[in-house]
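One structure is given below, encoded as structure tokens.
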Amino acid sequence: MTVDLKEVGRYLLLHGREPDQALAEKMARLGERASDAVRPARVWRRFPFDGVSVSSGGLRLDLSGTAADHLAGCRAAYLACGTLGAGFDAFHRRVSAVSGADALVVQAIGAAMIESWMDGVEDAIRAELEQGEALVPRYSPGYGDFPLEAQKTLLALLDAPRSVGVSLTSSLMMVPSKSVSAVIGVKKG
Amino acid sequence: MDIIPSGGIMFLDGAMGTELQARGLAPGECPEMWNLTHPADVRAVHEAYFAAGADAVYSNTFGANAAKFHGDAPLAEIVAAGVGLAREAAKAAGGVRRVALDIGPTGRLLKPAGDFSFDAAYDAFAGQVQAGAAAGADFVAIETMGDLYELKAAVLAAKENCALPVVATVALGEDGTLLTGADVDCVAALLEGLRADAAGFNCGFGPDLMLPFVRRMSGRTALPIVVKPNAGLPRLVDGKTVFTVGPEEFARDAVALVEAGASVVGGCCGTTPAHIAALRSALRGKAPVARAEPDVASRCVVTSGSRAVEITLGDTVMIGERINPTGKKKLKAALSEGDTAYVLREAVAQTEAGAHILDVNVGVPGLDEPAVLDEIVQAVQSVTDLPLQIDTSDPVALERALRHYNGRPLVNSVNGKEESMSTVLPLAAKYGGVVVALALDEGGIPPTAEGRVAVARKIVARGAEYGLAPSDFLVDVLCLAVSAEASSGAVILEALRRVREELGCRTCLGVSNISFGLPARPSLNAAFYTLALGAGLSAGIVNPLAADMTAAYRAYRALTGRDAQCGEWIANAPAIAAASAAVLPAAPAKASVDATEASGSPLFAAIRRGLRDDAAAAAKAALASGADPLSLVNEDIVPALETVGKGFEEKKVFLPQLLMAAEAAGAAFAVVKSAMPAQSGRSARGPVVMATVKGDIHDIGKNICRALLENYGFRVIDLGRDVPPEKVLEAVLRDTPKLVGLSALMTTTVGAMEETIRLVHAKSAGVPVAVGGAVLTEDYAVKIGADYYTKDAMGLVRLAERLCGD
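Each protein sequence line maps, in turn, to chains A and P. For the first sequence, the numbering used here assigns the number 1 to the initial residue and increments by one for each residue that follows. For the second sequence, the numbering used here assigns the number 190 to the initial residue and increments by one for each residue that follows.
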């Protein structure tokens with residue numbers, strides 16, 4: 001998996017300015033090591049959407065509120081989850097033990113990588129849509145009033161611990177830490 | 190295991206989950222509930238597998254553990270019903286039919302990758318094992334494990350809570366590793382060490398892709414090999430997961446697995462009774478292959494959670510000695526003060542210097558060794574993938590650390606005294622460790638090689654009583670100072686040779702003891718290391734940061750044909766050459782002349798540009814040319830850091846650059862400090878206690894603050910992440926800090942932050958608390974009772990400076 005160093009610069013809040021040589025070298029070197037450390041995985045599944053929820057097997061993911069507004073007009077929705085894997089976190093822990101600067105840069109590299117990985121997930125989903133269907137932008141628990149609590153159901157519907165190795169901590173954080181879960185609506189036209 | 194027919198192939202069942210889905214189980218629905226709600230369907234699946242020729246079926250209890258199961262019935266009842274249904278089907282089928290208690294993962298990620306503790310995972314499995322054994326299972330089948338640490342918890346829980354045989358299989362990715370990185374060698378070493386009855390693979394992919402991993406496993410363990418592949422790779426069709434490999438193709442590919450060494454075969458996701466029937470007929474009349482790998486049983490492999498290191502008789506490995514407080518003042522202080530960060534830096538430095546295994550010893554008088562060793566071993570494992578050598582003479586500390594260790598450890602050590610053998614050997618056997626055997630006993634250290642070999646022989650023989658093989662030992666023939674006993678070196682070299690030849694054991698040695706009491710020790714150490722390697726030393730316990738030692742190691746391997754095309758030597762040549770040249774400082778002597786003109790000095794420039802190595806080199810050069818240490822601090826280091834700090838506050842310098850400059854300043858300061866008389870210079874300010882609050886494992890913000898504070902000269906007591914309020918209070922009462930800094934990333938953990946603040950305020954004498962983190966604002970900070978809010982790391986440094994009276 002390659003690293004877009006421009007994007008990394010964005011996550012480091014360089015505000016469009018070029019990094020100086022020392023930082024640029026650090027970004028490139030850590031980017032390579034991060035690429036070796038990740039083992040990305042992804043899963044998605046399509047569900048019918050009744051306007052307020054998706055459900056299956058006694059599990060019901062409540063999407064009322066801003067999530068439903070976001071999915072207005074959709075008749076189906078994908079649930080998706082992607083992750084860089086536990087190896088990335090191990091790499092991040094290692095550099096954190098030695099250097100705060102390295103830790104910060106690796107954090108930004110991870111953010112850029114998981115975003116690009118999720119863009120790829122959306123592309124893959126788009127490729128399996130029927131003629132005349134389109135995706136609305138992905139929406140995740142924690143946005144707006146879509147509660148973090150919803151992660152439990154969302155990940156259960158994807159069997160995420162088994163399918164991609166993503167699970168929740170007791171405070172509802174996803175682990176591995178560079179993981180993203182989302183609802184992606186399907187609209188006609 | 191006695192349930193596997195000797196000389197025959199044992200057939201297992203195929204998938205349960207996908208069979209129940211075919212009978213109406215919906216995605217997301219809890220399959221184990223069907224033991225109560227649809228018992229006839231579950232029993233029918235078992236019956237179909239028995240009819241297809243399975244010798245054993247797995248009960249429908251995969252997710253029936255307390256950590257995962259959230260169904261609407263008591264767990265014990267679900268497990269008992271699951272085993273009971275399989276039992277009924279077995280009875281109906283007649284003949285010799287077995288029932289396995291099926292155990293799958295908890296669905297939680299264990300620490301340090303996640304927040305779930307090893308003990309909690311163990312408890313979840315233990316409950317399931319007790320219920321399943323009571324319900325009449327014939328053996329325990331642990332499967333689909335994706336994390337070596339969780340696998341260990343499950344196997345231990347099975348072994349300690351029932352007397353049934355234990356079969357364990359893992360789910361590999363296509364790259365041959367588990368989700369948390371362990372490969373086939375790690376799995377084989379762990380399961381051999383824990384005395385599982387059979388080992389192998391299930392799920393993941395079809396039998397075709399499983400083949401190379403079965404071959405690998407066959408060469409790595411003498412245990413029977415179990416395979417339960419999927420009916421091919423899962424494919425998504427119309428939003429549904431389907432498996433497309435049919436019974437004939439599946440059976441054909443599975444025959445290759447048996448030819449590669451598997452002797453217990455079945456199927457996982459997508460396989461059906463037809464797959465098992467096809468398997469049975471394809472393998473009719475076939476016997477398992479003879480696994481003619483003569484050295485399988487005599488391998489010596491230690492592992493971490495993600496890396497296996499083999500110690501062979503034909504090569505040598507380096508064990509890093511630096512995490513041992515004997516004779517190390519700084520480490521002793523760090524351990525006494527609970528400064529884990531210091532220990533972790535030592536671990537990473539040794540890892541990156543090329544060590545293969547790290548020794549961990551926390552023996553400081555007055556320390557609660559069982560608690561500290563346990564904590565440090567887990568912390569070190571979180572930052573390095575090297576296997577560890579757990580080094581303690583306290584059996585309580587040893588057992589606790591062995592239990593919580595992720596992988597197959599080295600145990601340091603047992604000796605020939607009766608008391609040592611009878612406590613350490615059973616622990617090594619139970620937790621699957623490789624043991625360092627010290628060649629001393631009640632009679633002391635034998636003066637001759639003959640005597641030391643005799644003690645080693647006694648220990649190895651005693652180990653056999655506990656099921657330990659000669660390959661489970663590293664014999665330490667003991668390194669005594671040549672300054673005290675002139676023949677010491679010769680005795681050691683002779684003993685190294687004889688242990689290999691007479692006992693067939695690998696050896697280890699704390700090499701640098703040889704030079705104790707003599708000047709110019711590094712040269713003596715390196716020379717003796719080379720001699721010991723020549724005498725066949727398998728594992729030198731050395732300082733991998735000492736350039737002489739790593740050069741000796743690499744030179745030995747290159748010169749004796751162990752380093753193919755001298756590749757490693759060449760790859761490391763620049764570092765080796767630099768180290769031998771570094772005796773004289775390379776940078777120009779100009780630095781001290783320019784020191785008064787701060788902006789022009791190389792040291793100032795290196796710090797401002799954030800170049801850590803350059804800053805340290807510039808400081809060294811300036812000192813070598815006679816610069817006054819204190820003026821280097823006051824005229825270069827501090828002004829450079831101030832310039833960058835101001836630039837950050839004015840938004841001209843960005844956070845990564847600020848941190849890089851701070852670290853460069855820290856590196857330069859460390860050099861300068863070593864040249865200062867003890868009392869002068871800046872002593873550390875603070876201390877500041879830092880923690881990421883309970884429930885929160887995202888500690889990047891806290892780590893950045895720590896790095897910056899430390900490099901601004903503050904002593905930081907870093908309590909880590911997911912820290913309970915009581916632990917923060919304990920540090921506050923013990924270390925009386927000037928400031929407590931707490932971080933939290935998510936709204937879900939701000940509650941824990943509030944609770945921590947309340948506790949610190951209630952129980953301590955006005956120690957102020959500052960908070961920071963993504964979801965916090967000034968108003969929010971006030972609302973939860975914090976004394977200060979800082980929006981970034983520089984803000985926290987400024988606050989600390991104010992509170993410390995600068």
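The beta-carbon is built from N, C-alpha and C at its ideal position, and this holds for glycine as well.
Segment limits, alpha helix (DSSP H) that includes residue i
i	result
THR881 of chain P	That residue, THR881 of chain P, is in no alpha helix (DSSP H); its beta strand (DSSP E) goes 874 to 881.
ILE730 of chain P	Note, ILE730 of chain P: premise wrong, no alpha helix (DSSP H); beta strand (DSSP E) at 728 to 731.
GLU499 of chain P	Run containing GLU499 of chain P: none in the alpha helix (DSSP H); it sits in the beta strand (DSSP E), 497 to 499.
ARG29 of chain A	21 to 37
ALA229 of chain P	228 to 241
Chain A contact for residue i (CB, 8 Å cutoff)
i	result
HIS593 of chain P	no
ARG589 of chain P	no
PRO294 of chain P	yes
MET849 of chain P	yes
ASN391 of chain P	no
ASP885 of chain P	yes
ILE893 of chain P	yes
ASP304 of chain P	yes
GLU852 of chain P	yes
ALA776 of chain P	In this predicted model, ALA776 of chain P has a pLDDT of only 46, less than 50, meaning its place in the structure is not dependable; the value taken from the coordinates is given anyway. Chain A, which has no Cβ nearer than 8 Å to the Cβ of ALA776 of chain P, makes this no.
ILE973 of chain P	no
Integer Cβ distance of residue i from residue j, believed to fall under 8 Å
i	j	result
ALA330 of chain P	TYR238 of chain P	Not confirmed; about 14 Å, so no contact.
ASP288 of chain P	ALA326 of chain P	Looking at the sequence shown, residue 288 of chain P is not Asp but Val. About 5 Å separates the two Cβ atoms, so the contact holds.
VAL373 of chain P	MET406 of chain P	5 Å
ALA253 of chain P	GLU221 of chain P	5 Å
MET935 of chain P	SER53 of chain A	24 Å between Cβ atoms; not a contact.
VAL186 of chain A	CYS74 of chain A	6 Å
Cβ-based burial, residue i [other Cβ within 10 Å; buried from 16]
i	result
TYR977 of chain P	buried
HIS593 of chain P	buried
VAL912 of chain P	buried
ILE681 of chain P	buried
ALA269 of chain P	buried
PRO137 of chain A	exposed
Any chain P beta carbon closer than 8 Å to residue i
i	result
GLN151 of chain A	no
SER64 of chain A	no
PRO137 of chain A	no
ARG162 of chain A	yes
ALA90 of chain A	yes
MET113 of chain A	no
ALA182 of chain A	no
Beta carbon proximity, residue i to chain D, threshold 8 Å
i	result
ARG94 of chain A	You won't find chain D in this structure, because its protein chains are A and P.
First and last residue of the uninterrupted beta strand (DSSP E) at residue i
i	result
PHE390 of chain P	387 to 391
PRO48 of chain A	41 to 48
THR333 of chain P	328 to 334
PHE662 of chain P	662 to 665
LEU698 of chain P	695 to 699
GLU510 of chain P	506 to 512
ARG287 of chain P	287 to 292
ILE681 of chain P	Unbroken run through ILE681 of chain P is the alpha helix (DSSP H), 677 to 687; no beta strand (DSSP E).
GLU133 of chain A	133 to 135
For residue i, the three-state DSSP class (helix, strand or coil)
i	result
ALA458 of chain P	The amino acid at residue 458 of chain P is misidentified as Ala; the sequence shows Cys. The answer is coil: DSSP assigns CYS458 of chain P none of H, G, I, E or B.
VAL905 of chain P	strand
GLN578 of chain P	strand
LYS1045 of chain P	Because chain P here runs from 190 to 995, residue 1045 of chain P falls outside it and cannot be looked at.
MET165 of chain P	Missing from the structure shown is residue 165 of chain P; chain P here goes from 190 to 995 and no further.
ARG409 of chain P	coil
GLY596 of chain P	coil
PHE258 of chain P	coil
ILE193 of chain P	coil
GLY217 of chain P	coil
LYS300 of chain P	coil
GLU437 of chain P	helix
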